[in-house]
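Trainee:
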Amino acid sequence: MQLGTNTDPYQRAEGRYALMPGIIAALRDSHTPFSILTKGTMLRRDLPLLTEVGLRTGRYTSPHLASVTERIVVDGAPVDDQTFVETYRELKPIVDLVDAQNKIPLSFFEIVTALGFVIFADAPVEVAVVEVGMGGEW
């Protein structure tokens with residue numbers, strides 16, 4: 629899977645430190661089931677159609693405008709603050725594990741993206757559309 633573009637400022641750092649594959653592998657190893665689709669044009673066009681046919685959908689976008697919780701949307705509604713905080717508490721041991729295995733810690737972006745993946749798995753959503761610059765390497 630290829631993500632990102634040549635103009636993605638995060639791509640160089642991700643290419644050098646490869647942190648997102650680590651958090652994805654840790655989530656996989658913890659048996660957190662989910663699939664990821666990435667294509668920005670699907671966000672506004674296809675998600676409502678998928679919801680209409682009865683699929684549970686998730687959308688993750690970055691950056692946020694007013695609240696970090698607006699990045700993570702399940703069935704058209706942003707995640708509530710309580711779910712966000714509780715999921716962070718669940719994810720923290722995995723973040724610590726990944727941080728211990730790398731020279732630099734996971735960034736805010738990487739942690740919140742992983743939060744989205746866990747929230748989607750917990751929902752569970754059947755389709756998750758992720759629109760972010762995640763490095764172009766995986």
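Read the sequence shown against this note's numbering and you will find it ends at 766, with the numbers running on by one and no gaps.
Yeah, the Cβ is synthetic: ideal placement off N, Cα and C, and Gly gets one too.
Please list, in chain order, all residues of the same chain as Y716 whose beta carbon is under 7 Å from its beta carbon, the five residues on each side excluded.
Mentor: Only L743 meet the Cβ criterion.
Trainee: Give the secondary structure of R684 by DSSP, where H, G and I count as helix, E and B as strand, and everything else as coil.
Mentor: Three-state DSSP puts R684 in coil, outside helix and strand.
Trainee: Helix, strand or coil for I722? Go by DSSP, reduced to three states.
Mentor: Correct three-state label for I722: helix.
Trainee: Could you please give the first and the last residue of the uninterrupted beta strand (DSSP E) stretch that includes V755?
Mentor: Per DSSP, V755 belongs to the beta strand (DSSP E) from 755-759.
Trainee: Out of D703, T711, K720, R684, state which residue places its alpha-carbon closest to the alpha-carbon of T697.
Mentor: Among D703, T711, K720, R684, the Cα nearest to that of T697 belongs to T711.
Trainee: Could you tell me which residues DSSP puts in a beta bridge with A705?
Mentor: In DSSP, A705 forms a bridge with V702.
Trainee: Taking the alpha helix (DSSP H) that T697 falls in, what are its first and last residues?
Mentor: Segment: none, T697 is in no alpha helix (DSSP H) and carries neither H nor E.
Trainee: Going along the chain, which residues of its own chain have a beta-carbon closer than 6 Å to the beta-carbon of E754, five neighbours each way excluded?
Mentor: Hits under 6 Å: L683, R684.
Trainee: What residue range is occupied by the uninterrupted alpha helix (DSSP H) comprising A742?
Mentor: It spans 736-750 - the alpha helix (DSSP H) in which A742 sits, taken as one unbroken run.
Trainee: Can you check DSSP and say which residues form a bridge with T689?
Mentor: DSSP, once it has assigned bridges, lists E759 as partnering T689.
Trainee: How many Å lie between R699 and L675 at the Cα?
Mentor: If I take the Cα positions, the gap works out to 15 Å.
Trainee: Distance check for D709 and V702, CA to CA, integer angstroms please.
Mentor: Distance between the alpha carbons of V702 and D709: 13 Å.
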